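One structure is given here, and the rest of the page talks about it.
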Amino acid sequence: MQKSLPKTAGTTYEAIFATVCLIPPGKVASYGRIAALAGLGGQARLVGYALHSLRAGKLGDEVPWWRVINAKGYISNAYEPDLQQALLAQEGVTFTAKGQIDLTLFLWDGA
DNA sequence: CAACTGACTGCCG
DNA sequence: CCGGCAGCCAGTT
194 MQKSLPKTAG TTYEAIFATV CLIPPGKVAS YGRIAALAGL GGQARLVGYA
244 LHSLRAGKLG DEVPWWRVIN AKGYISNAYE PDLQQALLAQ EGVTFTAKGQ
294 IDLTLFLWDG A
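Here the working numbering is used: the first residue of the first sequence is 194, the next is one more, and so on.
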């Protein structure tokens, strides 16, 4: 799948979820990266908002939302950051003492 | 119906 | 090098 997605709300969210599902295990992707791949152009906020709605819908069981972090390599999750870190650690992702992820090693390029 | 806030990012000072 | 402001879309009050 590439881009050229309609601007309808529901479809936009679907594109975001689909892109998040494409993130390989043991890797992480920034909101901006997901937004770009989803065809949002760089609206990272929409990605965060989509995931918010996603979590609220309990779809977190189907979408690896925990593999999505901010551009600084930190977890921005406002709900369960500890849970997200635990899930990432389970995937094999390591954190620094400050809880930052080594983007040079785990940042998904979008392959 | 109109305004504010929010799981972000990039540029300017 | 580090802190602050503005811009985007969608959902909620």
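For every residue, glycine included, the Cβ atom is placed at its ideal position computed from N, Cα and C.
Note that this is a predicted model, so its numbers are computed, not measured.
Which whole-angstrom value is the C-beta distance of residue i and residue j, which I expect to be below 8 Å?
i: Gly292; j: Gln278; result: 7 Å
Would residue i pass as a contact of residue j if the rule is Cβ separation under 8 Å?
i: Ile209; j: Ala264; result: no
i: Val261; j: Tyr206; result: no
i: Leu280; j: Trp259; result: yes
i: Val221; j: Phe299; result: yes
For the alpha helix (DSSP H) containing residue i, name the first residue and the last one.
i: Ile227; result: Tyr224 to Ala231
i: Arg238; result: Ala237 to Ala249
i: Thr297; result: Leu296 to Phe299
Which residues in the same chain have their Cβ closer than 6 Å to the Cβ of residue i, if we skip the five residues on either side of it in sequence?
i: Tyr267; result: Gln293
i: Gly303; result: Leu230
Looking only at its own chain, which residues have a Cβ that is under 7 Å from the Cβ of residue i, when we skip the five neighbours before and after it?
i: Val256; result: Phe210, Val213, Cys214 and Leu247
i: Gly250; result: none
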